[in-house]
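J.: My questions all concern the structure below.
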Amino acid sequence: MKVTGISITCVSLFIGVALSADIRCYTCSHAPAGANSPGFECINNPEKYTLGPNTGICNLPCSVTNQSINGQLWYVTRGCQMEPPGDSTTNGVDKTVTICNKELCNDRPVGNKPINTTPAGTTTTTTEPPGTIWCYSCVYSYNGPGSDDRCVRAPNQVPSPNLVRCPPSRKCSTYRQYDKGEKVVRSFRRGCDPVTWQGCTDDIYFKTCQQFCQGDYCNNGDLS
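For the sequence shown, the residue numbers in mature numbering (1 follows the signal peptide of the UniProt record, and there is no 0) are -20 to -1, 1 to 204.
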């Protein structure tokens, strides 16, 4: 049998493998701006994180991502898996991603690496690549009626630190998981990430969307 007129285009996307059952993961994000800046618990003690709900439900493995520039810790985030695990260096930014698939397993301490001491909102020209931009950075997990959803509605109202410096190898991002059964935003995140897949996926339980943009504070807006 001869088949003609068919073309196949391969696109490299990261799509996590869904777990057989949902698990609870630590969810927090922190861009250090001093030894004890608000939210610093996310670095080594996520169970003590105080800027919002510190756990959420994931249908993908739990993850920990940390990035550093010139040996200084710049960003830590914990939550549902967003990219493949491993170590990488891009434009001077060192990144480590680890994943696990047990309840609250993503409590791995990032360690005692020196932290960035540049206050949020201050531009530096000595320790970051040209083209670095500001992105909103926050996480949200639905925790019943009355959950603090400022990250979803108004990221500029999220308690500091709600910003992160984003190197040119990445873009500002938003991740939104909508629970069709409960009719609520189940999980939400703004941050700075490598461009993996963009768009929406739909299954019987969730509609999950991820978007990227380039420009200071571009990942804003009410996404409730």
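Glycine included, C-beta positions come from ideal geometry on N, C-alpha and C. Quick caveat: nothing in here was measured; it's all calculated off a predicted structure.
Under three-state DSSP, which class holds ASN46?
T.: strand
J.: Starting from the C-beta of ASN81, find all residues in its chain whose C-beta is less than 8 angstroms away, skip the five residues before and the five after it, and write them out in chain order.
T.: LEU(-2), ILE3, PRO41, CYS42
J.: Provide the residue(s) that pair with GLN191 in DSSP beta bridges, ordered along the chain.
T.: THR154
J.: Counting C-beta neighbours from all protein chains within 10 Å, is the total for ASP67 16 or more, i.e. buried, or is it exposed?
T.: Under this definition ASP67 is an exposed residue.
J.: So what does DSSP say about CYS22, is it helix, strand or coil?
T.: helix
J.: In the DSSP output, what is LYS75 paired with across the bridge?
T.: GLN47, SER68, per the DSSP bridge assignment.
J.: If you measure between the beta carbons of THR70 and SER117, is that distance less than 9 angstroms?
T.: no
J.: Taking its Cβ as the centre, do 16 or more other Cβ atoms sit within 10 Å of ASN50, making it buried, or is it exposed?
T.: exposed
J.: Output the distance between the C-alpha atoms of TYR55 and ASP183, rounded to the nearest integer angstrom.
T.: Approximately 31 angstroms between the Cα atoms of the pair.
J.: For PRO94, which residues in the same chain have their Cβ closer than 8 angstroms to its Cβ, ignoring the five residues on either side in sequence?
T.: Unreliable placement is indicated for PRO94, whose pLDDT of 49 sits below 50; no coordinate value is reported for it.
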